[in-house]
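Encoded as structure tokens, the structure appears first; notes follow it.
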Amino acid sequence: METTALTFAHPLWLWGLLILPLGAGLYAWSARRSRELAARFVASRLLPVLAASASPLRRTLRAATLLLALACAFVALAQPRWGVIERKTQQKGRDVVVAIDSSRSMLATDMAPNRLARAKLFTLDLLRLLKGDRVGLVAFAGSAFLQAPLTLDFSAVENALEEIDTTIIPKGGTNLAAAISAAREAIGKAEGQTRALVILTDGEELDANGLRAAKDAAADGFRIFTVGVGSPEGSLIPIRTEDGRQDFVRDTAGKPVTSKLDSARLEEIAAATGGFYLPLSTDTAREVFSRGIEPMELGEIGEFQTKQPIERYQWPLGTGAVLLAWSLLLGDRRRAGRAAMLAGFLVPCLHAETGTEIYNQGDYPKAVQAYEQQLAGQPGSAPLQFNVGAAAYKASDYEKAIRSFSEALVSGDELLRRDARYNLANSLVRQGEAATESDAKKTNWENALSHYEEILESNPDHKNAATNRDVVKKLLEELQKQQNEKQDSEDQKQESEDQKQDSKDQKQDSQDQKQDSKDQKEDSQDQKQDSKDQKGDSQDQKQDSKDQKGDSQDQKQDSEDQQGDSQDQKQNPQNSSDQSSQPNPSGSPTPAPAPTPGEKKEGELQGRSSGEPTPQPAQGGEAMAESAEEKDGEMSPSQARALLNSLRNEEEKVNLMQPQSSQEVLRDW
């Protein structure tokens, strides 16, 4: 069924059409300016001849074509929609009723800001998790009231939730039995285990019929999940009096009432229906959904009729593309053959193939592009997402296929969701095969295995899913085996490297030991050399002592010689005096003394001939000879002996110094 109403998804783009008059005025000003400039440089009589090939009509037509192409682009961006397609779909899900205690005890502040506000926040969190399920809302105190019937319109439930306060139920108290009865009436007598009731209360039930009502609801397939709002310590209940003062709820005796959480009664009610009890916290809504509601069986909750507008953006977009191409081919000058070229370009554009036709031809990348163009006009279409994923899978673009199949999982069609999940698992397997790292393979295959198992949970007869699941399990086992073998090889390699390092360390230790032994030998040799040097030093000291003794003896000998010389000198003057005083027996005169050595002439021999009598020296002749010798530079016998002794001492000193100069230098380490 289609209607003829024309709508636009993004009408603000239509304001862009105001640019067209501005563009037309700019073109007119430019054309006039060009004519004026041409008239300045070219004579008016020559202008028609020089501009004979130029066509003002073509130029104007080209500008108009460009402006029309721009207008078509703005209309296409506005996304026109003409007609509506109505579709009927079967919806599967669960029926969930949330019952909120609205008695005055819910105003207690042991949970900030108060218990009722926290219960509303829990309900909002739960609504975000319930997708495809019908939700109802019940407010109860001393009695119960269906605040919102079962519906898929969560916005209506949220609006009804905001209206709940402590004055919505006139009768005070906490009647859990009334809340359970109101939920049973809201859900009705539907078949299957698809009904759940979530009760949010502090548990202070004044009527003891709640447990019996829970057992009756369990017989109808209800599962009740109770959530305790409050603390065991409790809190006062603040209220505002009629005159505007702040006060607390008081008993008949006038004492303030402390409201405490009664978790025992709530646990009994939940256990009677197979549910469970949880105290209210930040993650309670997620836990109630994952542990309680999500595992419940899905049931058909009705047939729904949806209206989907038909996108018509292709018409202005195609027209704009044709006009743009025509403006490029039109030109400003008169030329032949342009019509044929334009016709050749327009013929392929007259027929646009659909994505399914391209897919059947085997051109999968082009089919992906065609489906994506259709998806741009219908962004929420789960079948188009499925088609994009199928074409991408055939084109080996597994990443795009995974994204598209994941988007198709939100479809209301159960069969489409199952096929999308199956193909998603296949895409994950292929992506794992293409991965180079073991961790990426393992992650993809584990995700694929979880999807196969989820399909088999809802449809155990799915043979392909069962077969693929077994294959993936074997792949994971082989991958784990390869990883273990790789780890073992790495461990062995590390052990061999450790052994090599140990052998190197042992070799280094042996070399260090050899070096230590060499150092010890050198130390022993140094010690021996030191002992030898010490012995040499002791011998040198002994020799020095001997030399000192010899010097002392020489000095004694010199002193003795000097004494002998002095005695001789004393004796000679006496002998000479004696001889001179004696008379010559012959009576002949005494010959003159022999000439001294200083008186001899050059070349003359000093001496006497044989037979010549030896002359006797006169008195004081010996002293005169000695003085003559000292004058001529000759040494006396005593001086000669002293010189010999001094030379002998110097020779001994030289001999003592020779072993010291030849002594080997000791090492200094």
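Residues 36 to 704 (this note's numbering) are what the sequence shown spells out, left to right.
Idealized CB from N, CA, C, for every residue including glycine.
Is DSSP giving Ala214 helix, strand or coil here? Numbered from 1 along the sequence shown, position 179 holds the residue referred to as residue 214. If DSSP states are grouped into helix, strand and coil, Ala214 belongs with the helices.
Return the chain-ordered list of same chain residues with a C-beta closer than 6 Å to the C-beta of Pro351, the five sequence neighbours on each side being excluded. Locating residue 351 in the sequence shown gives position 316, counting from the first residue. The residues are Cys107, Val110, Ala111.
Can we say the segment 182-192 touches the segment 342-356, given the rule of at least three CB pairs closer than 8 Å? Taking 8 Å as the limit for Cβ pairs, the verdict is that the segment 342-356 does not touch the segment 182-192.
Express the C-alpha separation of Gln182 and Gly118 in angstroms, rounding to a whole number. The residue labelled residue 118 in the question sits at position 83 within the sequence shown. The residue labelled residue 182 in the question sits at position 147 within the sequence shown. In a straight line, the C-alpha of Gly118 is about 37 Å away from that of Gln182.
When you compare only the Cα positions, how much space is there between Gln527 and Lys521? Position 492 of the sequence shown, counted from the start, is the residue given in the question as residue 527. Position 486 of the sequence shown, counted from the start, is the residue given in the question as residue 521. For Gln527 and Lys521, the distance between alpha carbons rounds to 10 Å.
Express the C-alpha separation of Ser493 and Lys295 in angstroms, rounding to a whole number. Translated into the one-based positions of the sequence shown, residue 295 becomes position 260. Translated into the one-based positions of the sequence shown, residue 493 becomes position 458. If you take the alpha carbons of Lys295 and Ser493, they lie about 43 Å apart.
I believe Ser178 touches Ala231 by the beta-carbon criterion, under 8 Å. Please report the beta-carbon distance rounded to the nearest angstrom. Counting from 1 along the sequence shown, the entry for residue 178 is found at position 143. Counting from 1 along the sequence shown, the entry for residue 231 is found at position 196. The beta carbons of Ser178 and Ala231 sit about 22 Å from each other, so the pair does not count as a contact at 8 Å.
DSSP state of Tyr312, grouped into three classes? The count along the sequence shown starts at 1 and reaches residue 312 at position 277. If DSSP states are grouped into helix, strand and coil, Tyr312 belongs with the strands.
Compute the distance between the beta-carbons of Ala253 and Gly171, then report whether it is under 8 Å. Reading the sequence shown from its first residue, position 218 is the one you call residue 253. Reading the sequence shown from its first residue, position 136 is the one you call residue 171. No; because the gap between Cβ atoms is not below 8 Å, this pair is not in contact.
Rounded to whole angstroms, what is the Cα-Cα separation between Asp554 and Gln529? Taking the first residue of the sequence shown as 1, we reach residue 554 at position 519. Taking the first residue of the sequence shown as 1, we reach residue 529 at position 494. Answer to the nearest angstrom: the Cα atoms are 37 Å apart.
Whole angstroms is fine: what's the gap from Arg285's alpha carbon to Leu301's? In the sequence shown, the residue the question calls residue 285 occupies position 250. In the sequence shown, the residue the question calls residue 301 occupies position 266. Approximately 25 Å, taken between the alpha carbons.
How about Arg706 and Leu164: do their beta carbons lie closer than 8 Å? Because the chain is modelled from 36 through 704, residue 706 falls outside the range shown and cannot be assessed.
Alpha-carbon spacing of Trp480 relative to Ala306, whole angstroms: The residue given as residue 480 occupies position 445 in the sequence shown. The residue given as residue 306 occupies position 271 in the sequence shown. One C-alpha to the other measures close to 39 Å.
What does a CB cutoff of less than 8 Å around Leu451 pick up in its chain, not counting 5 residues either side in sequence? For this step, residue 451 is matched to residue 416 along the sequence shown. Closer than 8 Å at the Cβ level, and outside the excluded window around Leu451, lie Ala417, Pro418, Phe421, Ala443.
Can you give the Cα-Cα distance for Lys123 and Gln409, rounded to whole angstroms? Looking up residue 123 in the sequence shown gives position 88. Looking up residue 409 in the sequence shown gives position 374. In a straight line, the C-alpha of Lys123 is about 21 Å away from that of Gln409.
To which residues does DSSP link Trp117 through a beta bridge? Within the sequence shown, residue 117 is the residue found at index 82, counting from 1. Trp117 has Leu41 as its beta-bridge partners, per DSSP.
Take Tyr399 and list the residues in its own chain whose beta-carbon comes closer than 7 Å to its own, dropping the five residues that flank it on each side. Reading the sequence shown from its first residue, position 364 is the one you call residue 399. Excluding residues within five positions, the ones whose Cβ falls inside 7 Å are Ala426, Lys429, Ala430.
May I have the straight-line CA-CA distance separating Leu315 from Ile234, to the nearest angstrom? For the purposes of this step, residue 315 is identified with residue 280 of the sequence shown, where counting begins at 1. For the purposes of this step, residue 234 is identified with residue 199 of the sequence shown, where counting begins at 1. Taking the straight line joining both Cα atoms gives about 11 Å.
Less than 7 Å between C-beta atoms, sequence neighbours within five positions excluded: which residues of the same chain meet that for Leu459? Here residue 459 refers to the residue found at position 424 of the sequence shown. Within the same chain, Leu459 has close Cβ partners Ile437, Phe440, Ser441, His486.
Between Met141 and chain D, is any beta-carbon pair separated by less than 8 Å? Of the protein chains in this structure there is only one, and it is not chain D.
Going by other Cβ atoms of all chains shown within 10 Å of its Cβ, with 16 needed for buried, is Trp361 buried or exposed? Walking along the sequence shown from the start, residue 361 turns up at place 326. That one is buried.
Cβ-based neighbour list, Arg97, same chain, cut-off 6 Å, excluding 5 preceding and 5 following: Sequence index remark: in the sequence shown, residue 97 carries index 62 (1-based). So the qualifying residues of the chain are Ser362, Leu365.
How long is the line joining the alpha carbons of Glu699 and Glu557, rounded to whole angstroms? Position 664 of the sequence shown, counting from 1, holds the residue named residue 699. Position 522 of the sequence shown, counting from 1, holds the residue named residue 557. Because the pLDDT at Glu699 is just 43, under 50, the model does not fix this residue reliably, and the point stays unresolved.
Looking at the unbroken alpha helix (DSSP H) that takes in Gly245, where does it start and where does it end? Here residue 245 is taken as the residue at index 210 of the sequence shown, counted from 1. That run of the alpha helix (DSSP H) goes 245-254.
Determine the DSSP secondary structure at Glu492, reduced to helix, strand or coil. Against the sequence shown, residue 492 aligns to sequence position 457. For Glu492, the three-state secondary structure derived from DSSP is helix.
Taking C-beta to C-beta, are Ala405 and Val264 nearer than 8 Å? Walking along the sequence shown from the start, residue 405 turns up at place 370. Walking along the sequence shown from the start, residue 264 turns up at place 229. Not a contact, by the Cβ cut-off of 8 Å.
Are the Cβ atoms of Ala143 and Trp48 separated by less than 8 Å? Along the sequence shown, one-based indexing puts residue 143 at 108. Along the sequence shown, one-based indexing puts residue 48 at 13. No, the Cβ-Cβ distance between Ala143 and Trp48 is not below 8 Å.
Ignore the nearest five residues each way along the sequence and tell me which others in Phe76's own chain have a CB closer than 7 Å to its CB. Your numbering for residue 76 matches position 41 in the sequence shown. Contacts found: none.
Check for me: the alpha helix (DSSP H) holding Arg169 runs from which residue to which? Your numbering for residue 169 matches position 134 in the sequence shown. Arg169 -> not in any alpha helix (DSSP H); beta strand (DSSP E) instead, spanning 169-175.
Mind checking who Ser531 pairs with in its DSSP beta bridge? The sequence position of residue 531 within the sequence shown is 496, counting from 1. Paired residue(s): none; Ser531 is not in a bridge.
Quick one: measure Cβ to Cβ for Asp136 and Thr202, integer angstroms, because I've assumed they're closer than 8 Å. Reading the sequence shown from its first residue, position 101 is the one you call residue 136. Reading the sequence shown from its first residue, position 167 is the one you call residue 202. Contact flag wrong, Cβ pair sits at about 14 Å.
Quick check: what's the CA-CA separation for Asp496 versus Ala455? Residue mapping note: residue 496 aligns to position 461 of the sequence shown, counting from 1. Residue mapping note: residue 455 aligns to position 420 of the sequence shown, counting from 1. Looking at the two C-alpha atoms, the distance is approximately 17 Å.
Roughly how many whole angstroms lie between the Cα atoms of Lys476 and Ala299? Residue numbering aside, residue 476 sits at position 441 when the sequence shown is read from its first letter. Residue numbering aside, residue 299 sits at position 264 when the sequence shown is read from its first letter. Each residue's alpha carbon lies about 49 Å from the other.
Output yes or no for whether 8 Å exceeds the beta carbon distance between Thr261 and Ile304. Taking the first residue of the sequence shown as position 1, residue 261 is located at position 226. Taking the first residue of the sequence shown as position 1, residue 304 is located at position 269. In contact: Thr261 and Ile304 (Cβ atoms closer than 8 Å).
Can you give the beta carbon distance from Val133 to Thr158, rounded, assuming they're within the 8 Å contact cut? Here residue 133 refers to the residue found at position 98 of the sequence shown. Here residue 158 refers to the residue found at position 123 of the sequence shown. About 5 Å separates the beta carbons of Val133 and Thr158, which is inside the 8 Å limit, making them a contact pair.
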